[in-house]
Each structure stands twice: as C-alpha cells, then as structure tokens.
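What follows is a set of notes on a single structure, which appears directly below.
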Amino acid sequence: MFTSLKKIIIILALILLLPIFVYTFYELNNLSENEKHLENIYSEQLNTIIFSVNQNVDDVLQSWSAKISDIYQSQDSSFTNIEMQKFCKSNSSISLIVISDTSKRNIKFYSSSLFSASVNAVNRIKNILNENSENIKSLIEYKNLGYNKIQPLKNNLDETPLLSFLIQDDKFLEIAILVIDMNFFVKDILQKRINSISNNDFIVSVFHNQDLVSYSGGKEISFDNLIENKNLWTFTNYTIGISTSGKTIHNIVKERSRNNLISLAVLNIVIILGIIFLFINIRKEIKLSQLKSDFVSNVSHEIRTPLSLIGMFAETLELNRVESEEQKNEYYKIIRKEAERLTRIVNSILNFSKMESKNKKYSFESENLNSILDEVLFTYQHELNSKKNECKINKFESLPELQLDKESIMEAIINLIDNALKYCDKNCSIEIATGIDEKFAYLEVSDNGIGISKENQKKIFEKFYRVTSGNVHNTKGSGLGLSLVKNTMLAHNGNVTVESKLGKGSKFKLLFPIDKI
Ligand code: ADP
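The opening residue of the sequence shown carries number -15 in our numbering; numbering runs sequentially from there.
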C-alpha cells in the first residue's frame, strides 16, 4: 500500500517539479544573455521617452508656425497686429516675432506689446538673414517639397535661440523668425511635459550645456549620473536626460533577474513542501483507514469470545450438567465476568464515539482519588490477587480533594489495570500508587510486562493504534483504551505519561493538576 503511494507521489512530484526545474536551469543558464537583452529593452524604452519629449517640442513649434501663418495671411494689417500681440501674450516663450520678405526690404516686428523697431534692430535682422542664407535656402527647398520646416538660425551675437520658418501664399513668400525666451520655454513647455512622463522609477531632467535647468521627481541629478541623454532636436545646446533614482540599468536588470530567480526558488520550495504535505496526509489517511479496519476485526473478535463463553456456560447450567455447587458458582462468576467485559467494550466504543463527536459530557465533583481507586480495586480484586498475579497498592493518604468526573476516571484506571494484566508475559507483578509530585496529584500503574519500544510509546495514545510486533498480536483489544485515557485526562486539564522498557515493563501515570481543578 505504502510503496504504491510512494510511487504515485514520486510520479506526481516528477510531473510537477520537472518542468519547473528545467525552466529554472534554463533561466540560470541564460542569465547573462537575458540580462543583456533586458538592458537593451530598457535603454530603448528610455530613448523612446526622450524621443517623446523632442516630438512634443516639435508639435508645439509646428502649432505656433501654423497659427502665426494664419494670422499673418489675414488681409487686414491692424487685425494682424492685434492678433500677433495677443498670440505673443499667451505664449510667453516667444519674445519677438519678425517677418521679412525675401529681399529684406520689408521687415515687420510683433511682440506682446507695441514694438517700434530701431534701425539697429532692423540691421541686426538683416545680418542674421544674410548669415543664414544657406539655412533659408534649405527651408525653401523643404517648402517646395511640401514640408513646412522649422529650423534654428545661427546667432553670432548671443545665445538667444532663433527659429525660422516660411510663410507662403500665392502672392508672396515671407521668412518668419521667432526669438525664443528659453527660461519661459523650459518652464511652460518642457517642464510640463517631463512632469507628465516621469514616475517613481526614473527622473527626467533638462540641461543647458550640461548645467541642470529643470527636473522632475523632486531629485536633482548631475549630468554624469544620467543613464541616457539626447539633445533637443531644435535647441541643440539643451539636453534631455534620464536617470533612475540612483540605480544604473545594469543594477535594475540584475535586481529584476535576482527577484525572478528568488520567485522561482520560492515556487520550487512551495511545490516540494506541498508534495511532502500531500504525502504525509495521504499516508496518515491510509494508516487511519487501515487502523479502522483492524479495529473492526479486533472488536468483533473481542465481542465474539465473551459471547460464546457466556452462551456455553449458560447452556451447561441450563441443562443441569454441573453437579457441584462450587462448580456452578465458578460458572456464574465466569458468566458475570464475561458480561462485564462485554459491557466494558461496548462502553469504551460508546465513549469513544461521544468523544469523537465532541458530545462527551463530564460532571466534575469533589472526589478523593484514593476512594475511586478503592472502588476499582474492589471490582478487580479477583484478577489482581489470583495465583498468577501479584499486586501491590501504595496509597498516599493525604491526597487533596480533586474535581473529577468519577465515572471516566474509573474507566481510565480500569483501562490501565486491564492493559497491565493483558500485556504481561508470565507472572504479573503490578504496582498501583497514588501520590503528589510538585504541582500534580498522580495515580500510577506499573507492571513487569512486555514493555513498549521508544518509537511505539509516542503512538499508543493515538486512536485505534495497537503495537503489531512480538506476541502483542495475540492479545485482544480495540486500540481505543489509551486514546480514551488521554482524552479523559486532557478534559481534566491533566495528562497521561508512559515510561517503559521493552521486556522490562511499563509505568503509566495519570497526572491531575492540583491548582487547576
Ligand atoms: P488495546 O489494549 O485495546 O489494544 P490500548 O489503547 O489500551 O488498546 O493500548 C494500545 C497499545 O498500547 C496496545 O495495543 C499495546 O500494544 C500497548 N500497551 C498498552 N498498555 C501496555 C502495557 N501495560 N504494556 C505493554 N504494552 C501496552
């Protein structure tokens, strides 16, 4: 039975564990490759984030150029002036809009307030347009291809960014120049964008020539600690950088791989523990069902013997086959004894079933353990003092009164005495004693019987358990007695202990706590 169970469990374990072990082995083998792969994915992800910032800047500039073209193409010049002013007011990043024809003769200036251009300003724009003639040419080429490009212009005087795009309709082609205030651009456009895309894991920052100008996530990061960085497409001396709360990609990937491996190890352990738990439980259930079937055959055997003895002696008496009065008395005694044995068996089965269903009720009363022992000894005196047996009683006279359920304690003592007589080879020497041990009052039953091995001492208090080695097989029993004794003692807040040596004898001790009952 158990070997086939072992086989089933091994197969089950193999089915469950093999794929996981193979997967774990595969993961361990490919660890460095996986890490490299993950690193690449991670850095691509970060580049995509930077790309999205650039894309956003481009979108904003495109929308500006579209709006400015729209306003400029209106026929009414005073309307154009007012609308341009309004537009500059609502976009603080644009400090000046300059629109010039290609011949640079007609140059107009627009800003958030009325702007009267000095000769100096006009000349400066002319210089800028001359210095950027190549840039303007390429803008025209793009325009001819149908793409309205926005391009930064060279500015040899200062660092103010200048952007240029073309405005064209059927009649004219004009060059628009935007003078950008980068402080406002970073604050109004870039900061909003980086705030919306950063999260707990990484920090997005903006640098101007490697100096930090803006960042998200409440933590300043130096340019050297960036994981990835890219220049803005249009404002090339501005850089967008990403860092991850102090960790490198390599560290993050390593941490992820380590966490994965730990999860796998935990999974393996959980499955192994689950299989062990399953095995223990199935084994326990099989053992219990085996014990139960042994119990049925043991009890039937136990009941059949006294019944046939009673039947046989009653019939002999009925047929008047017994001549001497002495023999008759002997037969009556046997019938009474066997009837008592039957009652005991039935009682213990009934008590056991009550205990199992938790229906057993105890009525605790103030009792003297010595008096209960006396009552039991009175019933058992015949067996205990037979030619074959010798019994010593050692009572501690000043035992305190204890709160006991008399009936069940009597049954427990009877069980111990019954076992001492049953599991005894030849001449039985039994000693029954009461006494006080620190916090306990006790009653012990010692015998010089066959004894119980260390291993079995742990099991004999389990229900249905009977020792199945040596000549114990031949002794009648149900395997319920000691389990009932244990339950009774626990109900009294006490315990039952055993000391035993194979071949030498056993000592069972009922312990009653003095202060608790
Ligand atoms: P039963 O006696 O009906 O088999 P018990 O629960 O009373 O059931 O005892 C369980 C087992 O403990 C017995 O089968 C026997 O093997 C062992 N045992 C109990 N008392 C003694 C004893 N005094 N000496 C040796 N073995 C004992």
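For glycine and all other residues, C-beta sits at the position ideal for the given N, C-alpha and C.
Grouping DSSP H, G and I as helix and E and B as strand, with all else coil, what is residue i?
{"i": "residue 228", "result": "strand"}
{"i": "residue 361", "result": "helix"}
{"i": "residue 489", "result": "strand"}
{"i": "residue 407", "result": "coil"}
{"i": "residue 392", "result": "helix"}
{"i": "residue 80", "result": "strand"}
{"i": "residue 484", "result": "strand"}
{"i": "residue 99", "result": "coil"}
{"i": "residue 172", "result": "helix"}
{"i": "residue 93", "result": "strand"}
{"i": "residue 500", "result": "The pLDDT assigned to residue 500 is 49, lower than 50, so where the model puts this residue is not dependable; a value taken from the coordinates is nonetheless given after this. Three-state DSSP puts residue 500 in coil, outside helix and strand."}
{"i": "residue 508", "result": "Only positions -15 to 501 of the chain appear in the structure, and residue 508 is not among them; the question remains open."}
{"i": "residue 495", "result": "strand"}
{"i": "residue 313", "result": "helix"}
{"i": "residue 451", "result": "coil"}
{"i": "residue 37", "result": "helix"}
{"i": "residue 446", "result": "coil"}
{"i": "residue 325", "result": "helix"}
{"i": "residue 502", "result": "The shown model of the chain, from -15 to 501, leaves out residue 502, and the question about it has no answer."}
{"i": "residue 464", "result": "coil"}
{"i": "residue 46", "result": "helix"}
Going by DSSP, what residues sit across from residue i in a beta bridge?
{"i": "residue 373", "result": "412"}
{"i": "residue 419", "result": "426"}
{"i": "residue 350", "result": "387"}
{"i": "residue 431", "result": "490"}
{"i": "residue 338", "result": "Residue 338 is not bridged to any residue."}
{"i": "residue 85", "result": "158"}
{"i": "residue 164", "result": "78"}
{"i": "residue 244", "result": "Its beta-bridge partners do not exist; DSSP assigns none."}
{"i": "residue 471", "result": "Looking at the DSSP assignment, residue 471 forms no beta bridge with any residue, so it has no partner."}
{"i": "residue 479", "result": "495"}
{"i": "residue 378", "result": "417"}
Should residue i go down as buried or exposed, given a rule of 16 or more other Cβ atoms within 10 Å for buried?
{"i": "residue 472", "result": "buried"}
{"i": "residue 142", "result": "exposed"}
{"i": "residue -1", "result": "exposed"}
{"i": "residue 461", "result": "buried"}
{"i": "residue 434", "result": "buried"}
{"i": "residue 476", "result": "buried"}
{"i": "residue 50", "result": "exposed"}
{"i": "residue 131", "result": "exposed"}
{"i": "residue 350", "result": "exposed"}
{"i": "residue 7", "result": "exposed"}
{"i": "residue 429", "result": "buried"}
{"i": "residue 58", "result": "exposed"}
{"i": "residue 332", "result": "buried"}
{"i": "residue 249", "result": "exposed"}
{"i": "residue 355", "result": "exposed"}
{"i": "residue 384", "result": "exposed"}
{"i": "residue 220", "result": "exposed"}
{"i": "residue 500", "result": "Residue placement at residue 500 is flagged as unreliable, the pLDDT there being 49, under the threshold of 50; a coordinate-derived value is accordingly withheld."}
{"i": "residue 447", "result": "buried"}
{"i": "residue 513", "result": "The chain is shown from -15 up to 501; residue 513 falls before or after that span and cannot be answered."}
{"i": "residue 32", "result": "exposed"}
{"i": "residue -6", "result": "exposed"}
Cβ-heavy atom distance between residue i and the ligand MN below 6 Å?
{"i": "residue 403", "result": "By its list of ligands, the structure shown excludes the ligand MN, since it contains just the ligand ADP."}
- Counting only runs that start and end within the segment 175 to 223, where is the alpha helix (DSSP H) found for 4 or more residues in a row? 175 to 181
Could you name each continuous beta strand (DSSP E) segment of 3 residues or more that falls completely within the segment 101 to 158, going from the start of the chain to the end? 135 to 137, 146 to 152
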